[in-house]
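Note that the protein sequences, when read in sequence, are chains A, B, C and D.
Residue numbers for the first sequence follow full-length UniProt numbering, beginning at 1 and rising by one.
Residue numbers for the second sequence follow full-length UniProt numbering, beginning at 1 and rising by one.
Residue numbers for the third sequence follow full-length UniProt numbering, beginning at 1 and rising by one.
Residue numbers for the fourth sequence follow full-length UniProt numbering, beginning at 1 and rising by one.
Number of protein chains: 4
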Amino acid sequence: MPTASRCAHVHRLPMRSPDDVSALEAAIAEGGIDPAGIVAILGKTEGNGCVNDFTRAFAVRSLEALLEKHLPTEALRRIAMVMSGGTEGALSPHMIVFEAREARDDTPRAFVKSLALGRAQTPPLAGEHLGRMQQVEQVAAGVTAAIKDAGISDPADVHYVQVKCPLLTMERIEAVDARGLRTAVRDTLKSMGFSRGASALGVAVALGELTLSDLSDAMICSDYARYSERAATSGGVELLDHEIMVAGMSAAWTGPLAIDHAVMRDAIDIEPARAALARLGLAVPGQVPEAGRGRIAAVLAKAEAAQSGKVRGRRHTMLDDSDISSTRHARAFVAGALAGLFGFTDLFVSGGAEHQGPDGGGPIAIIVDRT
Amino acid sequence: MPTASRCAHVHRLPMRSPDDVSALEAAIAEGGIDPAGIVAILGKTEGNGCVNDFTRAFAVRSLEALLEKHLPTEALRRIAMVMSGGTEGALSPHMIVFEAREARDDTPRAFVKSLALGRAQTPPLAGEHLGRMQQVEQVAAGVTAAIKDAGISDPADVHYVQVKCPLLTMERIEAVDARGLRTAVRDTLKSMGFSRGASALGVAVALGELTLSDLSDAMICSDYARYSERAATSGGVELLDHEIMVAGMSAAWTGPLAIDHAVMRDAIDIEPARAALARLGLAVPGQVPEAGRGRIAAVLAKAEAAQSGKVRGRRHTMLDDSDISSTRHARAFVAGALAGLFGFTDLFVSGGAEHQGPDGGGPIAIIVDRT
Amino acid sequence: MPTASRCAHVHRLPMRSPDDVSALEAAIAEGGIDPAGIVAILGKTEGNGCVNDFTRAFAVRSLEALLEKHLPTEALRRIAMVMSGGTEGALSPHMIVFEAREARDDTPRAFVKSLALGRAQTPPLAGEHLGRMQQVEQVAAGVTAAIKDAGISDPADVHYVQVKCPLLTMERIEAVDARGLRTAVRDTLKSMGFSRGASALGVAVALGELTLSDLSDAMICSDYARYSERAATSGGVELLDHEIMVAGMSAAWTGPLAIDHAVMRDAIDIEPARAALARLGLAVPGQVPEAGRGRIAAVLAKAEAAQSGKVRGRRHTMLDDSDISSTRHARAFVAGALAGLFGFTDLFVSGGAEHQGPDGGGPIAIIVDRT
Amino acid sequence: MPTASRCAHVHRLPMRSPDDVSALEAAIAEGGIDPAGIVAILGKTEGNGCVNDFTRAFAVRSLEALLEKHLPTEALRRIAMVMSGGTEGALSPHMIVFEAREARDDTPRAFVKSLALGRAQTPPLAGEHLGRMQQVEQVAAGVTAAIKDAGISDPADVHYVQVKCPLLTMERIEAVDARGLRTAVRDTLKSMGFSRGASALGVAVALGELTLSDLSDAMICSDYARYSERAATSGGVELLDHEIMVAGMSAAWTGPLAIDHAVMRDAIDIEPARAALARLGLAVPGQVPEAGRGRIAAVLAKAEAAQSGKVRGRRHTMLDDSDISSTRHARAFVAGALAGLFGFTDLFVSGGAEHQGPDGGGPIAIIVDRT
């Protein structure tokens, strides 16, 4: 058995506001978290999760302000910070800190494989490439680099790939116009969907779920029959490149944490998640009981409104609602379905699952402490 | 054993828009529903469920236009039509038609007690009485009349009391001002909460859950420790009185339908609903399987945001959101939790559960076909 | 001078709710309005003016219920009812009733030309034709018929053409998919823009402002440099065809009313409207004084957010707002600019001015009593 | 004539996003602004302007990050930063930097009095004091201090008092509950109104418009007949104290800038603003022409929905809208009315004018360059 040199730790911390980093600050002060080991920080902030959601950038700015006291700029820049806006329903604002520590070679191995983490960043994406094959290819290359960084040999051991991707604003669209080019879409809110969709297809390509020959500009955000079962992509107005984190299982890592994933076929398809829990050693008939909840380190899921306009044959109104974006409806609803299973509300449910799982459904990854 | 003279039927019908009554029209044409037997119609329409939601009145107007072709005005006026606005998340617009038919005396009794229905209407409520003890007393009297109408002898056999209550608009507030009086609240959206709260306390008094001496103007919508476990109240701009329907079990009724209720302690407390299903003969470990779903005639639940600002210790943001009303957040989220259990989305989840179940939770009633 | 056989009357009536027709009912009862003479009814209702705005259909249903007591079905169907949703800001819900009466041949002519009205309806529009040249041509034919109906010989005498056009809902899109065809757009809210834009171009063609050879599917809702200066189009989920009303000046009509129009170059360009007022004999330095307001029968304007993202070089945020549709922002803002000039708030300002005036601006028509 | 020792400068700078301080950064780099002279910064940011608007705090954080490179913490803390959320309609996000410079004693005086600036901060406000007389008195003391700081001898020379005040969040309400006390209001959005109202009454007391004996807890946000004609108050979740800036005319200051104010009686009452412009030497018949616009340094106004539910007798729907807060409607609409007069859209129009001008109206201050 190869020597495991690294050990992953996952910390789920509450946020009182988008710029509240006090829980992380306390954990660092108490030695519970070593800033130097932070690989990525995922957060759910309380904005609308759409174009004019500045809570994501505000949270990132606040995290940077805290961490730059502990890390050199270069190290800080390597931490993937993925803030997902939108805590609709009773979703609770929180951050999930992924930390990697050196493991002593003489640490007795309790498990063959453990949670492994990897990351990568892509170059800035040109506005005219957003939602097109160039974005797919750029993301695929980034994911491959992140898998390598995680020390995961078999793509089948990858259970979760988070990609934070850019979007178009009026100013960015005008910049493209000024260069005499056309963006794939002019509606700023829709641009988020195209960016998420192309990024997810990039993940599928890197994981071998799809091949580039399956794809084209035309099918992006139109042929939803093609998708990744392990991608989670979310857009943000505050970045121009892609921030990628991969989570999977590897013998190069040790520790009690394990990750698995499932695919929800529709917005209320929670049984596959229950099955994944069982595979992780946490079999439950109804809602996860209090004791079991403590063993769940993180739940990472996607939510979206079915383009069919129906859930199991019943009409939904999310896509006809001009007051509330369908992404907000879907987050609130799917979060409710999952909270009913898991028994807590600080779930990382992000909206917009274009090409992430089947239409109206989405992937879900769960990290559990096996001890 | 007394002779059962009546038999209740419950029909769950889809709506393509607030004014779509085609499914009911078809059922009447095919003889599936006898207009003369309709006791009440509950509906979920796709407005915002708040003050300026005109989909409820539009739906009622459309139902009246259909039914007046089949019924004399007097009979039509006796049908309680309770449209609840708000199909957030994947909630599916639908109507539930409660029908009572004569049962032949020689019908062999399969069950000791069966679903029983009763109804009542109160006089118009003066604007200055809304959200105050006068409304509590007026509703209590109406509920008592409805229980009698249902032929239910023991209040303990009452499992669901639906009250549709009025609200304040600027014009109604000005009318009260003009009379030199003050309304309990001037915020039109808040007035819906006070009306729902006072109505629920009225139900509690009628059911013996609380006594008038427990209550006062001051505690309405402030002391949420006092509540009914079987009330479901919802406001509408289109009425000035109260429309009440009671559903329970009675030996005076026959047929396969049975009703039971449970109380959710918080927005994700679905296990009591699972237990109620089991009591009704439908025990399920996870989500109700397809076969079982067919036996569920109706699910009637309330949803609201916990005033504590937390769900099981985790902060929610529903009460701080100035873009989306907390009632809309809560409906979407609780609907998701319940759809995860029941496996379908045409659930009658209505927002605003002031004094209906504990803060942040709410009552839920389930009607099942026992055959 | 030809004999004037007709005389137009314009009545501006308040609405207390989308279904409030009491003011019209009273006017008919008092003989102020003869139902048989009603050519069209324009109304501003208080919904969101977007896809899920049911206040428009509710208002139309209520008007029909009132008028069918006075008119045979055939005559009722010929009345164009154009409800425009959205009374953002302080816009006041109201209806404008356009009435045509027989003029006695011996009536002394005070004016050479007077306000003339005409109307037409098109066949139902196939979903796949919406936002494409087929819709442009269908509307152009309808407008030509309406001009003829108004007895207006010179298109230059047409100052206002109102077109109520259909939109796409998920169900309509699916119906087109089922026929193996593709709609011009899949986003339901965006479909309203394409329908308004194609209809406006149809008006431009009928008025000779543009020729069919100037137009193509590709330029609809993309090349906003081409537009009509007299079109006002608004979408509604409740219709599948187009309802058209033309208003202009004609010697075949008599009476004190006159109409003129102007074009706002941007959202705050009110001086052209002031100039139109002066041409109509109502010159004002600042805001129209109380006396003058009484002479203004109707103000009909369009509002939209500039696609450039700027107004006179200053950035606006309407197109980046995912909480409030840009059409709602624009109606509220332009209504404020116009109310500052006219001095009252029951202005018919409708949102979405695609190809109606220059990008970010829009046409405005004013009807004044010259006596 | 006394020696004028100070000279006020006002800079209106665009913002591309809530955290965009590039225009200020450039002005400092070019020497156009001396950080040491900055008295206050007012900004319009693009959030919802209500409770969960984090764009204000984000903007303040960004300004602090820039200015702390140029100023000692102590000096930085003395700068009043008043971000007002909400750029509805075509309002343009911008900041107004108020700067005070030393004036050389030998500077020839062109004017007897010039724009004078003063500032003050209050101690933190206890949650239970918000919206009550304690807040009124605390603000009055702060304003008096700011007038003295401005070197204004006669309160009649004060034309604008900006107060940034705190609001209640669920956490703050719970903190008060925990101390066994009650807040004046439990609705977080409503708490903003009570804080703005009490602060405005504090201004009125300091300016001698009202006396403490006129006021009581009960009349705050209920008796709108009492108000200040020069107060502008706006709430923010990011502060617990009050930040106050006073602007008026004083012989102790020199320079071309002058300020005057007017009171709008309702949302479309723009003529008083036109009269103020004339008093400042900028008489215009219609919209301010391009040349004149360049001389207007800043426009500072308040907007709110009339509690009467009407504007000049016509019903508005702002207070019955549960989708969009009335403060957002009012800002968009009043901004339109003012932009129609001034001809540009970077106007500082802030929502919520409780006790600031008459119900439905509000004060407006204008700063003009007299040269």
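Cβ coordinates follow ideal geometry from the N, Cα and C atoms, glycine included.
Among all the DSSP beta bridges, which residues are the ones paired with isoleucine 94 of chain C? Working through the third sequence from its first residue, we reach residue 94 of chain C at position 94. As written in the sequence, residue 94 of chain C is histidine, which differs from the isoleucine given in the question. Per DSSP, C:Pro14, C:Lys44.
For the putative contact between leucine 91 of chain C and leucine 347 of chain C, defined by C-beta atoms under 8 Å, what is the C-beta separation to the nearest angstrom? For the purposes of this step, residue 91 of chain C is identified with residue 91 of the third sequence, where counting begins at 1. For the purposes of this step, residue 347 of chain C is identified with residue 347 of the third sequence, where counting begins at 1. About 7 Å separates the two Cβ atoms, so the contact holds.
For aspartate 260 of chain C, the residue or residues it bridges with in DSSP: As a position in the third sequence, residue 260 of chain C is number 260, starting the count at 1. BP columns for aspartate 260 of chain C point to C:Ile366.
Residues within the stretch 325-355 of chain A neighbouring chain B, beta-carbon criterion of under 8 Å: Arg328, His329, Ala330, Ala332, Phe333, Val334, Ala335, Gly336, Ala337, Leu338, Ala339, Gly340, Leu341, Gly343, Phe344, Thr345, Asp346
Does the Cβ of proline 123 of chain D have 16 or more other Cβ atoms within 10 Å, making it buried, or fewer, making it exposed? For this step, residue 123 of chain D is matched to residue 123 along the fourth sequence. Exposed, by the Cβ-count rule.
Taking the alpha carbon of alanine 120 of chain A as the point to measure from, which residue in A:Gly151, A:Lys113, A:Asp266 has its own alpha carbon closest? As a first step, residue 120 of chain A is located in the first sequence; it is residue number 120 there, counting from the start. Looking at the Cα atoms, A:Gly151 is the closest of the given residues.
My output table needs one value for glycine 351 of chain B: the three-state DSSP class, helix, strand or coil. Translated into positions along the second sequence, residue 351 of chain B becomes position 351. Correct three-state label for glycine 351 of chain B: strand.
Run the CB neighbour count on residue 391 of chain C, radius 10 Å, all protein chains shown included, and call it buried at 16 or more, exposed below. Residue 391 of chain C lies beyond the residue range present for chain C, which begins at 1 and ends at 371; the question has no answer from this structure.
Can you name the residues of chain B whose CB is closer than 8 Å to the CB of methionine 318 of chain A? For the purposes of this step, residue 318 of chain A is taken as residue 318 along the first sequence, with counting starting at 1. Within 8 Å Cβ-Cβ: Gly89, Ala90.
Could you give the first and the last residue of the continuous alpha helix (DSSP H) run that contains alanine 146 of chain A? Reading the first sequence from its first residue, position 146 is the one you call residue 146 of chain A. Per DSSP, alanine 146 of chain A belongs to the alpha helix (DSSP H) from 133-150.
Are there three or more Cβ pairs, one per stretch, closer than 8 Å when the stretch 329-349 of chain A is compared with the stretch 261-279 of chain B? yes
May I ask you to report which of helix, strand or coil DSSP gives alanine 198 of chain B? Against the second sequence, residue 198 of chain B aligns to sequence position 198. Of the three classes helix, strand and coil, the one that applies to alanine 198 of chain B here is helix, per DSSP.
Chain-order list of residues whose beta-carbon lies under 6 Å from that of histidine 242 of chain D (same chain, five-residue window excluded): The residue you call residue 242 of chain D lines up with position 242 of the fourth sequence. Taken in chain order, the residues that qualify are Thr122, Val139, Gly142, Val163, Cys165.
Smallest Cα separation from alanine 8 of chain A: which of A:Met95, A:Met219, A:Ala40? For the purposes of this step, residue 8 of chain A is taken as the residue at position 8 of the first sequence. Nearest of A:Met95, A:Met219, A:Ala40 to alanine 8 of chain A, Cα basis: A:Ala40.
Relative to chain D, which residues along the stretch 14-26 of chain A have a C-beta separation below 9 Å, given in chain order? Arg16, Ser17, Pro18, Asp19
Run through DSSP, which three-state label would glutamate 128 of chain C get? Translated into the one-based positions of the third sequence, residue 128 of chain C becomes position 128. Glutamate 128 of chain C falls in the helix class under three-state DSSP.
Near the ligand ZN: glycine 343 of chain B beta-carbon under 7 Å from a heavy atom: No copy of the ligand ZN appears in this structure; indeed no ligand is present at all.
Contacting residues, own chain, Cβ-Cβ under 7 Å from isoleucine 324 of chain C (five flanking each side not counted): Along the third sequence, read from residue 1 onward, the residue named residue 324 of chain C stands at position 324. Hits under 7 Å: none found.
Pick from A:Leu67, A:Ala303, A:Arg293: whose alpha carbon is nearest that of glycine 89 of chain B? To locate residue 89 of chain B, count along the second sequence from 1; it is residue 89. The option with the nearest alpha carbon to glycine 89 of chain B is A:Ala303.
May I ask you to list, following chain order, the residues of the stretch 42-60 of chain C that have a beta carbon less than 8 Å from some beta carbon of chain B? Glu46, Gly47, Asn52, Phe54, Thr55, Ala57, Phe58
For glutamate 171 of chain C and valine 97 of chain D, I'd like the C-alpha separation in whole angstroms. As a first step, residue 171 of chain C must be located in the third sequence, where it is residue number 171. As a first step, residue 97 of chain D must be located in the fourth sequence, where it is residue number 97. Answer to the nearest angstrom: the Cα atoms are 53 Å apart.
Give the residues of chain D in contact with glutamate 128 of chain A, contact being defined as C-beta atoms less than 8 Å apart. Within the first sequence, the letter at position 128 stands for residue 128 of chain A. Per Cβ cutoff of 8 Å: no residues; glutamate 128 of chain A is ~21 Å from chain D at best.
Inter-residue Cα distance where the pair is serine 5 of chain D and glycine 31 of chain D: For the purposes of this step, residue 5 of chain D is taken as the residue at position 5 of the fourth sequence. For the purposes of this step, residue 31 of chain D is taken as the residue at position 31 of the fourth sequence. Distance between the alpha carbons of serine 5 of chain D and glycine 31 of chain D: 21 Å.
Cutting at 8 Å between CB atoms, please list the residues of its own chain near threonine 211 of chain A, excluding the five before and the five after it. Stepping through the first sequence from its first residue, residue 211 of chain A is reached at position 211. Same-chain partners within the cutoff: Val205.
Mind listing the chain B neighbours of valine 311 of chain A? Cutoff is C-beta to C-beta under 7 Å, in chain order. As a first step, residue 311 of chain A is located in the first sequence; it is residue number 311 there, counting from the start. The contacting residues are Ala90, Thr345.
Counted within 10 angstroms of its Cβ, other Cβ atoms place methionine 15 of chain B as buried (16 or more) or exposed: Along the second sequence, one-based indexing puts residue 15 of chain B at 15. Classification for methionine 15 of chain B: buried.
Contacting residues, own chain, Cβ-Cβ under 6 Å from methionine 1 of chain D (five flanking each side not counted): Here residue 1 of chain D is taken as the residue at index 1 of the fourth sequence, counted from 1. Note that methionine 1 of chain D has pLDDT 47, beneath the 50 cutoff, so the model's placement of it is unreliable and the number below is only indicative. Excluding positions up to five away in sequence, the list is empty.
Check whether the Cβ atoms of serine 199 of chain D and asparagine 52 of chain B sit closer than 8 Å, and answer yes or no. Taking the fourth sequence and counting its residues from 1, the one referred to as residue 199 of chain D is at position 199. Taking the second sequence and counting its residues from 1, the one referred to as residue 52 of chain B is at position 52. No, Cβ-Cβ distance for serine 199 of chain D and asparagine 52 of chain B is not below 8 Å.
Note down the Cα distance separating leucine 115 of chain A from isoleucine 367 of chain A, rounded to an integer number of angstroms. Position 115 of the first sequence, counted from the first residue, corresponds to residue 115 of chain A. Position 367 of the first sequence, counted from the first residue, corresponds to residue 367 of chain A. Roughly 8 Å between the two C-alpha positions.
According to DSSP, simplified to helix, strand and coil, what is glutamate 102 of chain B? The count along the second sequence starts at 1 and reaches residue 102 of chain B at position 102. If DSSP states are grouped into helix, strand and coil, glutamate 102 of chain B belongs with the strands.
Under 8 Å between C-beta atoms, does alanine 247 of chain C make it to chain D? Here the question's residue 247 of chain C lines up with position 247 in the third sequence. No - not a single Cβ of chain D is within 8 Å of the one on alanine 247 of chain C.
With H, G and I counted as helix, E and B as strand and the rest as coil, what does DSSP make of arginine 119 of chain C? Counted from its first residue, the third sequence places residue 119 of chain C at position 119. In this structure, arginine 119 of chain C counts as strand in the three-state DSSP scheme.
Rounded straight-line distance, which links the Cα of glutamate 209 of chain A to that of isoleucine 259 of chain A: Against the first sequence, residue 259 of chain A aligns to sequence position 259. Against the first sequence, residue 209 of chain A aligns to sequence position 209. Spanning the two alpha carbons is a distance of roughly 19 Å.
Can you look up serine 153 of chain C in the DSSP assignment and give me helix, strand or coil? In the third sequence, counting from the first residue as 1, residue 153 of chain C sits at position 153. Here serine 153 of chain C sits in coil by DSSP.
Can you list, in chain order, the residues of its chain with a C-beta nearer than 8 Å to that of glycine 37 of chain A? Leave out the 5 residues immediately preceding and following it. Working through the first sequence from its first residue, we reach residue 37 of chain A at position 37. Cβ neighbours of glycine 37 of chain A beyond the five flanking positions: His9, Glu99, Ala100, Arg101.
Do valine 60 of chain A and methionine 95 of chain A have their beta-carbon atoms positioned less than 8 Å apart in this structure? Here residue 95 of chain A is taken as the residue at index 95 of the first sequence, counted from 1. Here residue 60 of chain A is taken as the residue at index 60 of the first sequence, counted from 1. No, the pair does not count as a contact, with Cβ atoms beyond the cut-off.
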